[in-house]
Amino acid sequence: MIATNEFSHLIVFLNQPKEMTMSSLINTQVQPFKTQAFHNGKFVQVSNETLKGEWSVLIFMPAAFTFNCPTEIEDAADNYAAFQAAGAEVYIVTTDTHFSHKVWHETSPAVGKAKFPLVGDPTHQLTRAFGVHIEEEGLALRGTFIINPEGMIKTAEVHSNEIARDVSETLRKLKAAQYTAANPGQVCPAKWKEGAKTLAPSIDLVGKI
2 MIATNEFSHL
12 IVFLNQPKEM
22 TMSSLINTQV
32 QPFKTQAFHN
42 GKFVQVSNET
52 LKGEWSVLIF
62 MPAAFTFNCP
72 TEIEDAADNY
82 AAFQAAGAEV
92 YIVTTDTHFS
102 HKVWHETSPA
112 VGKAKFPLVG
122 DPTHQLTRAF
132 GVHIEEEGLA
142 LRGTFIINPE
152 GMIKTAEVHS
162 NEIARDVSET
172 LRKLKAAQYT
182 AANPGQVCPA
192 KWKEGAKTLA
202 PSIDLVGKI
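Residue numbering for the sequence shown follows my numbering, beginning at 2 and increasing consecutively.
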């Protein structure tokens, strides 16, 4: 028989968010979570339910007050209008608290441009759930995830932390994900951009491209 204390430990383990691999995340629902963010001068709650109803882009970064992260946030801020026009919200996630994000937003000229939520993950629930947690450091890898309005993960990409990202490529992938969602049976070829031709896979195309 399992002792009472052992059973309690088992329940706690089973209720913890599961750390996923990139391949196992695709076309799965975002795991339940609830945390705090700094957004437009206020502290707000963000959860898996918050993400539903619109396209979401989660951009994980190592930590606040670092060197490369402000350049990525500024890039996202410069393209934020395009994400909004596409019906998507951007979320920046680090393992810091929402309090740290408030100070970061107030003191960094680059981060101060952000009009999207700066999400705190001090419990590492999100970084583990999305498979980007660095256990030895308590930080996140540079992971980018596009999530559809139903809360399903459609793209997952992770960089080593010394390599910053180009958010225009994330925007391109978002529009490709939106196009294929609206046009079942169509696929977006390499370097596809909005308005370009797509493909309808069929036996007639095999060996013809």
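Using N, Cα and C, we set each Cβ at its ideal position, and we do this for glycine too.
In the pairwise beta carbon analysis, the stretch 160–178 is classified as not touching the stretch 33–51: fewer than three pairs are separated by under 8 Å. Taking K103 as the centre and dropping the five residues before and after it, the same chain places the C-beta of F39 closer than 6 Å to its C-beta, in chain order. Of G88, F61, K35, P33, the smallest CA-CA separation from I135 is found for F61. Minimum Cα-Cα distance from P110 among the listed residues A182, E170, E75, V31 corresponds to E75. Annotated three-state conformation of H125 is coil, per DSSP. Straight through space, the alpha carbons of A78 and G113 are spaced by roughly 9 Å.
Taking 8 Å as the cut-off, the Cβ atoms of R166 and T145 count as close. About 7 Å separates the Cβ atoms of I148 and L59, confirming a contact at the 8 Å cut-off. Around the beta carbon of I204, fewer than 16 other beta carbons lie within 10 angstroms, which makes this residue exposed. A201 has its alpha-carbon roughly 32 Å from the corresponding atom of Q32.
Membership of Q46 in the beta strand (DSSP E) is indicated by the continuous run 43–48. Secondary structure note for V168: its alpha helix (DSSP H) is the uninterrupted segment 168–183. Nearest to I210 by alpha-carbon distance, out of A191, G196, A197, is A191. Distance between E107 and H99, taken at the CA atoms: about 12 Å.
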